[in-house]
Amino acid sequence: MPESLTRAVRWDTVVGALLVVVLLLSFTTVDGFGNALNLSFLIGNTLPIALIALPMTLLVVSGEIDLSVASTAGLSGAVMGALWNQGMAIETIIPVCLLLGVVCGLVNGLLVTRLGLPSLAVTIGTLAAYRGIAQIVLGSDAVTDFPAQYLDFAAGRIGDTFVPYAFLPFLVLLAIAVVALHATPFGRSLFAIGAGEEAARFAGIRVKRQKLILFTMTGLMASLTGVFWALHYASARYDNATGLELSVIAAVLLGGIDFDGGKGTLGGAIAGVFLLGTLQNVMSLVNVSAQSQIVVTGVLLVVSVLGPRVARQTAVARAGRRAAASPPVPSKAPAPTP
Amino acid sequence: MTHPSDTGPAPVLALRDVSKSFGAVRALRDVSLELFAGEVHALAGENGAGKSTLIKTLAGVHRPDAGQVLLDGEPVVFHGPKDARDAGIAVIYQEPTLFPDLSIAENIYMGRQPRRALGRIDHKATHEATTALMRRLGVELDPDRPARGLSIADQQIVEIAKALSFDARVLIMDEPTAALTGSEVARLFGVVRTLRDQGAAVLFISHRLEEIFEICRRVTTLRDGARIASEPLDGMTEDDLVRRMVGRDLEELYPKQDVRPGEVALSVRRLTREGVFTDVSFDVRRGEIVGLAGLVGAGRTEVARAVFGIDRWDAGEVEVEGRRLTNGAPSTAMAAGLALVPEDRRAQGLVMDMSIERNIGLTGLRTTVKAGLVDRGAERSRSLDWALRLQVKYARIADAVSTLSGGNQQKVVLAKWLATGPKVLIVDEPTRGIDVGTKAEVHRLLSQLAADGVAVLMISSDLPEILGMADRVLVMHEGRLTAEIPRTDATEETVMAAATGRAAA
Ligand SMILES: Nc1ncnc2c1ncn2[C@@H]1O[C@H](COP(=O)(O)OP(=O)(O)OP(=O)(O)O)[C@@H](O)[C@H]1O
Ligand SMILES: [Mg+2]
C-alpha cells in the first residue's frame with residue numbers, strides 16, 4: 001500500500017483519538033472512574049498488557065507472533081513462588097525468573113528460525129507446554145507471603161496521585177522500545193523483514209538473528225511481567241495471567257500494527273493497550289462479569305484486525321480504483337486457495 | 001493521422017482520446033490507439049511513459065478518466081479484468097501474477113478447469129491441456145509443479161500459456177521478453193506469428209528495439225503519457241524510433257571505456273552447490289567488466305546468489321579483495337565490499353510497500369548511523385542523491401516504490417546498491433525492463449564504475465549487452481563454466497555455441 005495513502009487515514013491517530021474520547025466519556029459518565037485511586041488501579045492492571053505489548057509490537061511488525069507470553073509469565077510466577085517456598089532470597093529469585101524467561105523466548109526463537117516453523121504453531125505449542133510446567137512446579141498452591149516492600153512497590157502508588165510506582169520503570173522501557181523500533185537500524189530492519197523478508201535478506205539484514213533477538217526479548221519481558229503480576233496481586237499461582245496473550249494481541253492489533261507485518265507504530269500500540277485497559281476498568285466499575293469482558297476483548301480483536309484494513313481500503317478506493325490493479329503478489333507467501 | 005485506412009475493417013480494439021491520472025501524475029493524456037486483426041503492433045516509450053497504464057486500461061484494470069475503449073468499433077466499458085477477458089482480450093502483465101502455492105496447470109486454468117460429472121475438477125484433462133500448451137510453446141515444464149520457485153523466465157512462460165489458453169482475439173504483452181534469452185525469444189515469436197496469422201491482434205511492448213523491428217508492423221510511441229506517433233515501422237531506423245521516444249538523439253548504447261585491469265578483486269575457487277552448479281572458478285579484476293552468459297537455467301543466478309551468501313555452497317571458496325567470505329552470510333559479503341543487484345526486483349530487490357527513500361536506505365543501515373540511531377538527514381540525502389544520479393522518475397521520495405513504473409523500480413534497486421560504494425558489483429540482469437536511454441545511462445555508469453576500479457560481474461540474457469560491455473565473457477552451461485572468451489573473440493556465435501554446450505571449454 002502506498003505510504004501516501006495510508007497516511008491519509010493513519011489508524012494509530014484514530015486509536016489515539018478514540019482513547020481520548022473514551023477517557024472523556026468515562027470521566028463524565030462513569031461513577032467512580034475519575035478519582036486518583038481508580039486511575040491508579042486502571043494503570044496498574046493494564047501494566048502487564050502494556051509490558052508485553054512492547055516486544056509483541058516489534059515481533060508483529062517483523063511478521064511473527066508469540067502466543068506463549070502469558071504462559072511464560074505464569075511459569076515465571078510459579079517458579080518464583082516455588083523458590084520462595086524453598087527459602088531462597090527474593091533478590092536471587094527474580095534474576096532466576098528473568099533468566100527462565102530468556103530461555104523460554106530462546107526456545108520459541110530457535111524453533112521458529114532454525115526449524116523454519118511458523119511462529120503461530122510453535123507458540124501455541126509452547127503456550128501449553130510452559131503452562132503445564134508451571135503447574136508441575138507449583139501445583140495448586142498459591143504463594144502470597146512475599147516481602148512487604150516488594151508488594152508495596154508493585155501495588156502501591158506515589159502519594160495520593162494516580163501514578164503507580166511501577167508506571168515509572170514502564171515509561172523508561174517504553175521510551176527504549178520506541179527508540180529501538182522507530183529510530184535505530186534494528187527497528188528499521190524489522191519493518192523491512194515484515195514487509196518483504198526476502199528483499200530484507202538480499203539487503204544483508206540478518207533476518208534470523210533479528211527474529212531470535214525479538215523472541216528472546218519477548219520471553220524476558222513476559223517473565224518480568226510474571227514477576228510483576230505475582231507481586232502486584234500478591235499471589236503466585238500456576239494459572240496467573242491466563243489468557244493475557246489475547247488481551248496483548250488484541251491491544252496491539254487495535255493499535256494499528258498490521259497482522260501481516262511491516263506496518264504500525266508503537267505509539268498506536270500503546271494507545272490500543274490503554275484503550276483496552278480503560279474499557280476493562282469501566283466494565284468492572286459498572287459490574288460487567290469477567291466472562292463478558294472476555295467476549296468484549298474478543299470482539300475488539302476482530303474489530304482491530306478489520307478496522308485498519310477497511311480504513312485503508314476505503315482510502316485506496318477513494319484514490320482511484322487501483323485496488324483491482326494489484327494482482328496477488330507472488331513474493332508474499334500465503335496465496336489465496338480458491 | 002497515420003490511420004492505415006479509413007474505409008477498411010474496424011479495429012478490433014481501440015482507444016479514443018483516453019486520459020488517466022494517478023493523483024498528480026498524468027499517466028495518459030488524450031491517447032488514441034488502434035489494433036487491427038492480423039497485425040503485431042508495438043508500443044514504445046521510456047520508463048514511465050504510460051505503456052503499462054495504457055495496457056491496463058485496455059484490460060479493464062483501470063477505468064479511463066476520459067475517453068473511450070472501442071471493441072469492434074463500438075464503445076465498451078470494462079468493469080474489471082474479467083469483462084475484458086470475456087471479450088477475448090488476453091493480457092500478459094509486466095510482473096508475473098502467479099499464485100505460488102498452485103501448480104502450473106492450476107494457475108493456467110484457474111477458475112475454469114475442465115469439469116467432470118458433479119462439477120468435480122477434471123485434473124487429468126487440466127494436466128493434458130497444459131501439456132499441450134507447453135508443447136505449443138516448445139517448453140518442458142511439469143504442469144503439476146507449484147509456481148513457487150519458478151525462475152522469472154519460466155513464470156513468464158506460464159503467463160503466456162495462460163493467455164494462449166483463452167484463444168484470445170487480442171493478445172497484449174507487456175515486456176514478455178525482458179527475462180528471456182535469444183532462443184526463448186525466438187520460440188515466443190514463433191507462437192506470436194502463428195497467432196497473428198490466425199487473425200489475432202497483438203500489442204507488444206519491449207525495450208529491446210531489435211525485437212520491435214523483428215516482429216511488429218506498426219508502432220505507437222508514447223512520451224510522458226502523450227502519443228507521439230502511430231506509424232508503420234517499414235523504412236524507420238532504430239535511431240528514428242529512439243528519437244520519437246526520448247525526443248533527442250541517443251548517445252552511445254555501449255559506452256565501454258578501455259580500462260587496464262588491476263588486482264584480482266573477486267576470486268571464486270571451485271565453487272560447488274550440489275545439483276545446481278559444479279566446480280566454478282573465475283576471477284574478476286579491478287576495472288574489469290566480466291560478462292556471465294548462458295541460457296536461462298544454466299546456473300548463473302545461482303552462482304551469484306551463493307557468492308553473495310544468500311545460498312550456502314557445499315564446497316569451494318570465495319575471496320573479495322583477499323578476504324575470505326563466510327559461507328551463507330550476505331552481511332559479511334557486504335562488509336567486504338560486495339554488492340548484488342538481484343534478478344527479481346519485486347521479491348528480492350525491493351520492499352514494495354516501503355518508500356523509495358527507505359528502500360535505498362536499507363543498504364545503508366550500518367553506515368548512515370549517528371550515535372546508534374538512523375541518521376535520517378544522511379539517509380534522505382543519500383537516497384535523493386542516488387535517485388537523481390540514476391534519473392529515477394518519481395513524485396515524492398517518500399512514495400512507495402510500488403507506485404513507480406517497472407523501469408524506475410529497477411533504477412531504485414541499482415541506486416540502493418551503488419550507494420554502498422561497492423568494490424565488487426554483481427549485477428543480475430541490470431537493465432531488465434529499462435528503456436534505451438536509461439540503458440545507455442546504466443551502461444555508462446557501469447563503465448565509469450569499472451574505470452574507477454570497481455570489479456563488475458554482469459549476468460545478462462541480453463547478448464548484445466554482454467558483447468557490448470564485457471571485457472571478458474564467461475559462459476555457463478548446465479551448471480558448469482564452459483568457456484572464457486576475451487572481448488576480441490566474443491561474438492554471438494562463440495558465446496551461443498558455449499552456452500548450448502556445443503563447444504569444448
Ligand atoms: N498505481 C499507480 N499509482 C500511482 N502512480 C502510478 C500508478 N501506476 C502508474 N503510475 C505512474 O504513471 C506513470 C506511467 O507508469 P507506467 O507503469 O504506465 O509506465 P511504463 O511506460 O509502463 O514504464 P516502464 O517501461 O518502466 O514499465 C509513471 O509515472 C508511474 O509512476
Ligand atoms: Mg511498464
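Protein sequence lines, in the order shown, are assigned to chains A and B.
Take the first sequence: its letter number 278 is residue 278 in full-length UniProt numbering, and every next letter is one higher.
Take the second sequence: its letter number 442 is residue 442 in full-length UniProt numbering, and every next letter is one higher.
For every residue, glycine included, the Cβ atom is placed at its ideal position computed from N, Cα and C.
Under DSSP, the beta-bridge partners assigned to B:Ser-267 are B:Asp-283, B:Glu-319. A distance below 6 Å between beta-carbons, with the five flanking residues on each side excluded, links A:Gly-268 to the following residues of its chain, in chain order: Asp-12, Val-15, Gly-255, Gly-256. Note that the region 232-244 of chain B does not touch the region 446-456 of chain B; fewer than 3 beta-carbon pairs, one per stretch, sit closer than 8 Å.
By the rule that beta-carbons nearer than 8 Å mark a contact, B:Val-303 does not touch chain A.
Between ligand 1 and B:Lys-51, a heavy atom-to-CB distance of less than 7 Å is present.
The continuous beta strand (DSSP E) containing B:Arg-26 extends over residues 25-35. Contact between B:Arg-29 and B:Ala-226 is confirmed by a C-beta separation of about 5 Å, below the 8 Å threshold.
Interface criterion not met: the Cβ of B:Arg-286 is under 8 Å from no Cβ in chain A. Contact between the region 392-401 of chain B and the region 416-434 of chain B is absent, with fewer than three C-beta pairs closer than 8 Å. When DSSP states are grouped into helix, strand and coil, B:Gln-68 belongs to the strand group.
The nearest non-hydrogen atom of ligand 1 is less than 7 Å from the C-beta of B:Gly-48.
Annotation: A:Thr-265 has no Cβ neighbours in chain B at a cutoff of 9 Å; minimum Cβ distance is about 15 Å.
Closer than 8 Å to the CB of A:Pro-185 there is at least one CB belonging to chain B.
Taking 7 Å as the cut-off, the C-beta of B:Gln-113 does not count as close to any heavy atom of ligand 1.
In the same chain as B:Gln-348, and ignoring 5 residues on each side of it, the C-beta atoms closer than 7 Å to its own belong to Pro-342, in chain order. Taking a Cβ-Cβ cut-off of 9 Å, A:Glu-64 has no neighbours in chain B, whose nearest Cβ is about 17 Å from it. Separation of the CB atoms of A:Ala-195 and A:Gly-261 is rounded to 7 Å, and the pair is thereby assigned contact status at 8 Å. Taking 9 Å as the cut-off between beta carbons, the residues of the region 253-278 of chain A near chain B are Gly-262, Lys-263, in sequence order.
Between B:Pro-342 and chain A, the shortest Cβ-Cβ separation is below 8 Å. Our two residues, A:Met-217 and A:Leu-42, have alpha carbons roughly 26 Å apart in a direct line.
Taking the CA atoms as reference points, A:Val-122 sits about 18 Å from A:Ser-223.
Set against 7 Å, the gap from the CB of B:Leu-33 to the closest heavy atom of ligand 1 is not smaller. With contacts defined by Cβ atoms closer than 8 Å, A:Ile-158 and A:Ser-62 do not form a contacting pair. If you draw a straight line from the Cα of B:Leu-180 to the Cα of B:Leu-292, it comes to about 15 Å. In the structure shown, the three-state DSSP call for B:Glu-95 is coil.
About 7 Å separates the CB atoms of B:Arg-382 and B:Ile-360; that is less than 8 Å, so the two are in contact. The Cβ neighbour count for B:Asp-385, taken over all protein chains shown within 10 Å, is under 16; the residue is labelled exposed. Of all residues in the region 199-231 of chain A, the ones placed with a Cβ closer than 8 Å to any Cβ belonging to chain B are Ala-199, Ala-200, Arg-201, Phe-202, Ala-203, Gly-204, Ile-205, Arg-206, in chain order.
Look at A:Ala-177: its C-beta is not under 8 Å from any C-beta on chain B.
Distance between B:Val-284 and B:Gln-155, taken at the CA atoms: about 31 Å.
Taking 8 Å as the cut-off, the beta carbon of A:Pro-55 is found closer than this to the beta carbon of A:Met-221. Of the heavy atoms belonging to ligand 1, none sits nearer than 7 Å to the Cβ of A:Gln-293.
Under the three-state reduction of DSSP output, A:Arg-10 falls in the coil class, being neither helix nor strand.
A Cβ of chain A is located within less than 8 Å of the beta carbon of B:Thr-363. Placement of the Cβ of B:Thr-126 at a distance of 7 Å or more from every heavy atom of ligand 1 is found. The beta carbon of B:Pro-422 is closer than 7 Å to those of Gly-337, Leu-338, Ala-339, Val-454 in its chain, skipping five residues each way along the sequence.
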